[in-house]
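Just below is one structure, and these are the notes that go with it.
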Amino acid sequence: MHRQLTSAAMKKPAKNLNRKRTQQQLVRIALRDWGSDRHWCAIVELQLRGSPHTLGLAQRLAGSASWRRRSLGLYIASQLRQRKHDGDFGSIEYAMDETQSLLLAGLHDAHDEVVRAAVSGLGHRPHPAALGELVRLSTHRDALLRWDVAVALGRYPEPAAIEALLRLAGDADDLVRNWATFGLGSMQDVDTPAIRELLWKNLQDRDPEVRGEALVGLAERGDPRATDYLAEHLNADCRVFELDAAEKLASPLLLDALRRTARDLKESEVGSYWLARLHAAIAACTVTA
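Numbering (this note's numbering), first residue to last: 11 to 299.
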């Protein structure tokens with residue numbers, strides 16, 4: 011998942027004109043419209059054409075003298091898959107060993123954008139040999155690169171990755187801090203005093219997304235401070251973060267606040283997903299009451 015990839019890249023296959031385009035056409039679009047929705051849509055289509063031919067394309071691009079072409083090759087490699095043709099929807103991973111080799115080499119590229127593509131790919135296709143370089147890059151001057159590292163490290167359970175995420179969760183950049191907090195709180199199963207204290211600290215963060223991820227992380231660990239926080243903050247104006255945390259805690263101590271929230275809200279003013287999360291939280295807390 012790349013943050014530049016917007017909803018335009020998620021169109022239904024039947025409406026996706028890229029399915030009819032050749033590889034050369036898709037490469038041209040990706041290079042010409044760099045960073046745009048068209049760029050990412052073209053990459054997604056290339057990623058779903060896992061075959062010796064597409065792997066060869068990625069390898070050739072990764073060896074180019076142009077940083078954009080090298081980056082494109084690594085983005086293709088990062089999620090190279092084959093569509094299922096047996097009547098099922100979805101896809102399966104393709105050429106893991108070969109693509110991981112490309113991505114590992116890309117970590118040492120001279121251009122930051124190529125390194126970013128490699129880091130992103132090694133979040134999708136983790137490899138133990140990447141960890142040392144990912145940790146080193148977690149202190150990089152470029153916030154976008156640190157963000158990519160924060161996203162990738164959520165897939166690495168090693169202590170060195172946890173330490174890097176703890177540092178990134180205090181980063182000056184809001185997006186870096188947000189993803190590192192998510193990585194620690196929701197992607198990692200590790201539960202230590204240091205992680206809990208970091209999550210508690212970030213529950214007071216200036217950024218609401220960081221606060222939300224910290225709350226869910228504390229709830230994942232059954233931290234009683236999350237219950238106390240929710241008892242005060244569950245209401246008709248709360249976010250999905252609070253409802254998800256309440257469901258994870260499944261505490262009868264939250265039932266009154268949840269039922270009051272349900273009673274006070276106007277269903278016409280909330281989305282169906284928010285309402286579903288509220289009902290799920292009430293059900294979870296009722297079971298344990």
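For glycine and all other residues, C-beta sits at the position ideal for the given N, C-alpha and C.
Here the structure is a predicted model, which means the values were calculated and not measured.
Look at the Cβ atom of leucine 117, then the Cβ atom of glutamate 143, and state whether they are nearer than 8 angstroms.
Along the sequence shown, one-based indexing puts residue 117 at 107. Along the sequence shown, one-based indexing puts residue 143 at 133. Yes. Within cutoff.
Going by Cα to Cα distance, which pick from Asp266, Arg38, Gly60 is closest to tryptophan 50?
As a first step, residue 50 must be located in the sequence shown, where it is residue number 40. For tryptophan 50, the nearest C-alpha among the options comes from Arg38.
Alpha carbon to alpha carbon, how far is glycine 232 from valine 186?
Along the sequence shown, read from residue 1 onward, the residue named residue 232 stands at position 222. Along the sequence shown, read from residue 1 onward, the residue named residue 186 stands at position 176. Distance between the alpha carbons of glycine 232 and valine 186 is about 25 angstroms.
When DSSP labels each residue in this structure, what does glutamine 314 get in the three-state scheme?
Residue 314 lies beyond the range of the chain shown here (11 to 299); nothing can be said about it.
If leucine 41 and alanine 68 are in contact, beta carbons under 8 angstroms, what's the gap, nearest whole angstrom?
For the purposes of this step, residue 41 is identified with residue 31 of the sequence shown, where counting begins at 1. For the purposes of this step, residue 68 is identified with residue 58 of the sequence shown, where counting begins at 1. Between alanine 68 and leucine 41 the Cβ distance is about 14 angstroms, and since that is not below 8 angstroms, they are no contact.
Starting from the C-beta of glutamate 242, find all residues in its chain whose C-beta is less than 7 angstroms away, skip the five residues before and the five after it, and write them out in chain order.
For this step, residue 242 is matched to residue 232 along the sequence shown. If we look at glutamate 242 and ignore the five residues flanking it on each side, it has no Cβ neighbours.
Is it true that the stretch 204 to 214 meets the stretch 248 to 258, where meeting means three or more beta-carbon pairs spaced less than 8 angstroms apart?
no
If you draw a straight line from the C-alpha of arginine 269 to the C-alpha of glutamine 110, how long is it?
In the sequence shown, residue 269 corresponds to position 259, counting from 1. In the sequence shown, residue 110 corresponds to position 100, counting from 1. Between arginine 269 and glutamine 110, the C-alpha separation is close to 50 angstroms.
Would you mind working out which of Glu55, Trp44, Leu155 sits nearest asparagine 28, comparing C-alpha positions?
In the sequence shown, residue 28 corresponds to position 18, counting from 1. For asparagine 28, the nearest C-alpha among the options comes from Glu55.
Quick one: what's isoleucine 102 bridged to in DSSP?
As a first step, residue 102 is located in the sequence shown; it is residue number 92 there, counting from the start. Isoleucine 102 is bridged to Gln92.
Going by DSSP, what residue range makes up the alpha helix (DSSP H) through leucine 228?
Position 218 of the sequence shown holds residue 228. For leucine 228, the enclosing alpha helix (DSSP H) stretches over residues 218 to 230.
Short of 7 angstroms in beta carbon distance, which residues of its chain neighbour glutamate 108, apart from the five on each side in sequence? Order them along the chain.
Position 98 of the sequence shown holds residue 108. Answer for glutamate 108: Leu65, listed in chain order.
Excluding the 5 residues flanking alanine 127 on each side, which residues of the same chain have their C-beta closer than 6 angstroms to its C-beta?
For this step, residue 127 is matched to residue 117 along the sequence shown. Contacts found: Ser81, Leu84, Tyr85.
Provide the residue(s) that pair with arginine 59 in DSSP beta bridges, ordered along the chain.
Here the question's residue 59 lines up with position 49 in the sequence shown. According to DSSP, which records beta bridges pairwise, arginine 59 is partnered with Gln92.
Which residue comes first and which comes last in the alpha helix (DSSP H) that contains aspartate 158?
Indexing the sequence shown from 1 puts residue 158 at position 148. Per DSSP, aspartate 158 is one residue of the alpha helix (DSSP H) stretching across 153 to 163.
Would you call phenylalanine 99 buried or exposed, if buried means 16 or more other Cβ atoms sit within 10 Å of its Cβ?
In the sequence shown, the residue the question calls residue 99 occupies position 89. With fewer than 16 other Cβ atoms within 10 Å, it is exposed.
In this structure, does DSSP put asparagine 26 in helix, strand or coil?
Within the sequence shown, residue 26 is the residue found at index 16, counting from 1. Correct three-state label for asparagine 26: coil.
Best match in His63, Ala174, Arg78 for proximity to threonine 32 [C-alpha to C-alpha]:
The residue labelled residue 32 in the question sits at position 22 within the sequence shown. Here the closest residue by C-alpha is His63.
Buried or exposed, going by whether 16 or more other CB atoms sit within 10 Å of the CB of isoleucine 102?
Locating residue 102 in the sequence shown gives position 92, where the first residue counts as 1. Counting Cβ neighbours within 10 Å, isoleucine 102 comes out exposed, since fewer than 16 surround it.
Indicate, with yes or no, if the ligand MN has a heavy atom lying under 7 angstroms from the CB of alanine 160.
Absence of the ligand MN is noted for the structure shown, with no ligands found whatsoever.
If we call anything under 8 angstroms between Cβ atoms a contact, is serine 88 one with serine 46?
Residue 88 sits at position 78 when you count from the first residue of the sequence shown. Residue 46 sits at position 36 when you count from the first residue of the sequence shown. No, Cβ-Cβ distance for serine 88 and serine 46 is not below 8 angstroms.
Closest Cα partner of valine 145 within the set His134, Tyr166, Ala120, Val200:
On the sequence shown, position 135 is the one that residue 145 refers to. Of the listed residues, the one whose Cα sits closest to valine 145 is Tyr166.
Quick check: the Cα distance between leucine 194 and glutamate 219, rounded to an integer number of angstroms?
Stepping through the sequence shown from its first residue, residue 194 is reached at position 184. Stepping through the sequence shown from its first residue, residue 219 is reached at position 209. For leucine 194 and glutamate 219, the distance between alpha carbons rounds to 14 angstroms.
Own chain partners of aspartate 181 with C-beta closer than 7 angstroms, once the 5 adjacent residues on each side are dropped:
By one-based count along the sequence shown, residue 181 stands at place 171. Hits under 7 angstroms: Arg156, Arg187, Ala190.
Give every residue of the same chain whose Cβ lies closer than 7 angstroms to the Cβ of aspartate 254, excluding the five residues on either side of it in the sequence, and list them in chain order.
Start at 1 with the first residue of the sequence shown, and residue 254 comes out as number 244. Excluding sequence neighbours, aspartate 254 sits near Val226, Arg287.
Do serine 196 and glutamate 168 have their beta-carbon atoms positioned less than 8 angstroms apart in this structure?
Looking up residue 168 in the sequence shown gives position 158. Looking up residue 196 in the sequence shown gives position 186. No. Outside cutoff.
Flag this pair as yes or no: are the beta carbons of leucine 285 and leucine 264 separated by less than 8 angstroms?
Numbered from its first residue, the sequence shown carries residue 285 at position 275. Numbered from its first residue, the sequence shown carries residue 264 at position 254. Their beta carbons are not under 8 angstroms apart, which means leucine 285 does not touch leucine 264 by this criterion.
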